[in-house]
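Here the structure is laid out as structure tokens; the discussion comes afterwards.
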Amino acid sequence: MTLHVPPSTTPDFQAFWQERHLCLLVTHRPDGTPHLVPVGATYDHVSGIARVISDGASRKVRNVLAAGPGARVAISQVDGRRWSTLEGGARIAGDAEAVAEAVRRYTERYREPRVNPNRVVIEIAVTKRMGTV
């Protein structure tokens, strides 16, 4: 098992990922074409993990599962001239602890999500970041 070392960040970058912004998540369909969908996302700069809560039957979740462990994904957000993209390997977590942590973080950044008994979390181990913040 390799240790995940997240990219370094700045206070401006950290603040940008705490502000309320709609994000775009890119996964790849089994035929290789990109699937781009708006999502709410959170980023923990200490662990380097970005999280997206989702229904377990969604296309984005199916894409990550089909790609296998470490599926390459990207998540972006933009606010005028400020923007940021995070890239990394994704996995699907469905255990109660992982989902609860993702919901807690989502609630802090956005609002409390609707109840969904089929909820899972897409966890992205961020390996690269780019942008203007």
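Residue numbers (my numbering): 71 to 203. Positions of the beta carbon are idealized from the N, C-alpha and C atoms, including for glycine.
- Spatial neighbours of VAL169 in its own chain (CB-CB distance under 6 Å, excluding positions within 5 residues in sequence) are listed in chain order as ARG189 and VAL191.
- If you look at ALA136, you'll find it in the alpha helix (DSSP H) that goes 129–137.
- Contact between ILE194 and VAL116 is ruled out by a C-beta separation of about 15 Å, above the 8 Å threshold.
- ALA111 sits in coil when the DSSP states are folded into three classes, being neither helix nor strand.
- With respect to PHE86, VAL203 sits close: the two C-beta atoms are nearer than 8 Å.
- Where ASP149 is concerned, the enclosing beta strand (DSSP E) starts and stops at 141–149.
- VAL96 sits close to PRO104, with the two beta carbons spaced by under 8 Å.
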